[in-house]
Amino acid sequence: MSRPGEDAISRIGSGRRRLGVAVSAVVLVGAGGWFAGTQVQSPADAAAAHQAPKAGPVTVAVVRQSLTASVVATGSVEFASPRPLSLAGPVGSGAAAGTDGEGTEQRVTKAPVAGTKIKEGDVLMTVNGRPVFALGGSVPMYRTLGPGTSGDDVTQLQKALKRLGFDPGGTSGTYGQGTATAVADWYRSEGYDAQEPSSADQQQLGSLEQAVSAAQEALLTTNSAAGEESSSATGSSSTPAPQTSTDKQVHEIQVESAQKALDLANGALSGFKATYGTKVPAGEVVFLPKLPARLDKVSVKTGDTPSAQIGTVTSSDVVVQAAVPGTDAQLLRHGMTARLTTADGGSAQGTVDVVADASDSTAAVQVRITVPEPGPLAGEAGAAVKVTIKVGASDGKVLTVPMAAIHTASDGRARVKVERGDVVTDVHVTVGLSAAGVVEVKPDGGALKAGERVVVGE
Numbered sequence: 000m001s002r003p004g005e006d007a008i009s010r011i012g013s014g015r016r017r018l019g020v021a022v023s024a025v026v027l028v029g030a031g032g033w034f035a036g037t038q039v040q041s042p043a044d045a046a047a048a049h050q051a052p053k054a055g056p057v058t059v060a061v062v063r064q065s066l067t068a069s070v071v072a073t074g075s076v077e078f079a080s081p082r083p084l085s086l087a088g089p090v091g092s093g094a095a096a097g098t099d100g101e102g103t104e105q106r107v108t109k110a111p112v113a114g115t116k117i118k119e120g121d122v123l124m125t126v127n128g129r130p131v132f133a134l135g136g137s138v139p140m141y142r143t144l145g146p147g148t149s150g151d152d153v154t155q156l157q158k159a160l161k162r163l164g165f166d167p168g169g170t171s172g173t174y175g176q177g178t179a180t181a182v183a184d185w186y187r188s189e190g191y192d193a194q195e196p197s198s199a200d201q202q203q204l205g206s207l208e209q210a211v212s213a214a215q216e217a218l219l220t221t222n223s224a225a226g227e228e229s230s231s232a233t234g235s236s237s238t239p240a241p242q243t244s245t246d247k248q249v250h251e252i253q254v255e256s257a258q259k260a261l262d263l264a265n266g267a268l269s270g271f272k273a274t275y276g277t278k279v280p281a282g283e284v285v286f287l288p289k290l291p292a293r294l295d296k297v298s299v300k301t302g303d304t305p306s307a308q309i310g311t312v313t314s315s316d317v318v319v320q321a322a323v324p325g326t327d328a329q330l331l332r333h334g335m336t337a338r339l340t341t342a343d344g345g346s347a348q349g350t351v352d353v354v355a356d357a358s359d360s361t362a363a364v365q366v367r368i369t370v371p372e373p374g375p376l377a378g379e380a381g382a383a384v385k386v387t388i389k390v391g392a393s394d395g396k397v398l399t400v401p402m403a404a405i406h407t408a409s410d411g412r413a414r415v416k417v418e419r420g421d422v423v424t425d426v427h428v429t430v431g432l433s434a435a436g437v438v439e440v441k442p443d444g445g446a447l448k449a450g451e452r453v454v455v456g457e
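Position 59, counted from 1, in the sequence shown is what numbering that gives the first Met the number 0 calls 58; the numbers after and before it change by one each time, with no gaps.
Printed below as a string of structure tokens:
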């Protein structure tokens, strides 16, 4: 049971709580109205809020750094000095060469293999079982070499035989018996018989020898007849002198004619013997200017008739061919160093060897780079590589700005616009090396420092 005083206190407390709730509700309603008011904008306010900020210059900081200028291009790995490989004539002679009248055709019996490394004395291929050898020399094979022939091609053959260990007895350039013997020994060491005289040659030799014998016999007969006539005329006093004189003239003419016939027969035999013996057929040797070489492509296969071109041969040296814009090519010089990078990160160093004419700055220019030590590029013919050729470098660290920051004044001098606070100032500069979109600048009077900002756009 409560007391009267406690009931009064309870009523007072309850009234205060109701007043507090009512005040809180008023405060919340007022705050909500204020928040809603702040979120409501007039159309003019909304348009102003969405306007682009006031335009100003786009600036970039001046940087002090070392600068290296390079020409960068994509190149292709190749082997150097490609040249067609062809046979100068039939391989062998007679039946082997299809020249014996029996209709024998030349057929490749062992085809060359692409990618083969060619050394001096190697057999490139065989035709009708006969070899085709590779020898070093700058004069191409163009004829059959044999006894009696002479020239630079014979000298090449003699020098090659000597390098292979078969002494021809000299390198005079004339194919003699010593050369013939060396050729026969060389072929034998490779498991082949050298090309000896054909049956037709042997028959011709026999015919010429018979012609000499017949001429000798005719001369003897004529001389004998002349002697008998002379004796008969001397022993008969009844023979008139004029008749004896005429007969003598006739016999002299006959003897002279017989002697001329013998001389011609001997000359023909001697001339033929000078060319008779062991030969090197035109198709059995290919002279290459640089060995070892590499057989790059092959145009024939086993069973084919040898064509004019049987393949392509290159040196074993690696080169890179690249195409660069004409403006970049004008910066390149013979002997510059090139860094060559493969797709998997391997690298090698090369040297600029040839730069084609770069007079047209709009056209691509071919650049050849030699690679003395190909490393990861060896065996990668046809692969693409990144080519980087250093064409210049700054002398230590220099002030650099983007190329877009360079402007040309009315007097033709270069300048940059430097933002300093709210003011943009023109500073005249001398332009130096450029690379990768930035350029070296030297301000007049040192009026530019690293960290300052230059205008590159608006």
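Just so you know, even glycine gets a beta-carbon here, dropped at the ideal spot from N, CA and C.
Could you check if serine 92 is buried or exposed, using at least 16 other CB atoms within 10 Å of its CB as the buried criterion? That one is buried.
Own chain partners of glutamate 439 with C-beta closer than 8 angstroms, once the 5 adjacent residues on each side are dropped: Hits under 8 angstroms: Leu66, Ser393, Val397, Leu398, Thr399, Val430, Gly431, Leu432 and Ser433.
Report yes or no: is there a C-beta of chain B within less than 8 angstroms of the C-beta of proline 89? The structure shown has no chain B; it contains just one protein chain.
Could you say if the segment 272-289 and the segment 113-132 meet the contact criterion of at least three C-beta pairs nearer than 8 angstroms? Yes, they touch.
Cβ pair threonine 73, lysine 385 closer than 8 angstroms: Yes; because the gap between Cβ atoms is below 8 angstroms, this pair is in contact.
Using three-state DSSP, classify proline 130 as helix, strand or coil. For proline 130, the secondary structure class from DSSP, reduced to helix, strand or coil, is strand.
Can you tell me whether arginine 419 is buried or exposed? The criterion is at least 16 other CB atoms within 10 Å of its CB, across all chains shown. By the Cβ neighbour-count rule, arginine 419 is exposed, with fewer than 16 other Cβ atoms within 10 Å of its own.
Contact check, threonine 274 vs glycine 172 under 8 angstroms by CB: the rounded distance? Contact flag wrong, Cβ pair sits at about 16 angstroms.
Give the DSSP-derived three-state secondary structure of valine 254 in the structure shown. Valine 254: helix per DSSP, three-state reduction.
Output yes or no for whether 8 angstroms exceeds the beta carbon distance between asparagine 222 and valine 249. The Cβ-Cβ distance between asparagine 222 and valine 249 does not fall below 8 angstroms.
How would you write the range of the beta strand (DSSP E) that aspartate 192 sits in, first residue to last? Unbroken run through aspartate 192: none, as it is neither H nor E.
Taking all protein chains shown into account, decide if valine 417 is buried (16 or more other Cβ within 10 angstroms of its Cβ) or exposed. Residue burial is scored here from C-beta neighbours: valine 417 has at least 16 other C-beta atoms within 10 angstroms and is therefore classed as buried.
Of the residues Pro196, Thr170 and Gly164, the one placed nearest phenylalanine 271, counting alpha carbons only: Of the candidates Pro196, Thr170 and Gly164, the one whose C-alpha sits nearest the C-alpha of phenylalanine 271 is Pro196.
Name the residue from Glu208, Glu451, Ala449 and Val423 whose alpha carbon lies nearest to the alpha carbon of glycine 55. Out of Glu208, Glu451, Ala449 and Val423, Val423 has the C-alpha closest to the C-alpha of glycine 55.
Let me know the secondary structure DSSP gives proline 375 once reduced to three states. Proline 375: helix per DSSP, three-state reduction.
Between the Cα of glutamate 457 and those of Ala404, Ala408, Gly450 and Val70, spot the shortest distance and give me the residue it belongs to. Taking only the C-alpha atoms, the option nearest glutamate 457 is Ala404.
According to DSSP, is threonine 221 helix, strand or coil? Looking at threonine 221 - three-state DSSP - the assignment turns out to be helix.
Could you tell me whether the segment 113-122 touches the segment 317-337, where touching means 3 or more Cβ pairs closer than 8 angstroms? Result no; under three Cβ-Cβ pairs closer than 8 angstroms.
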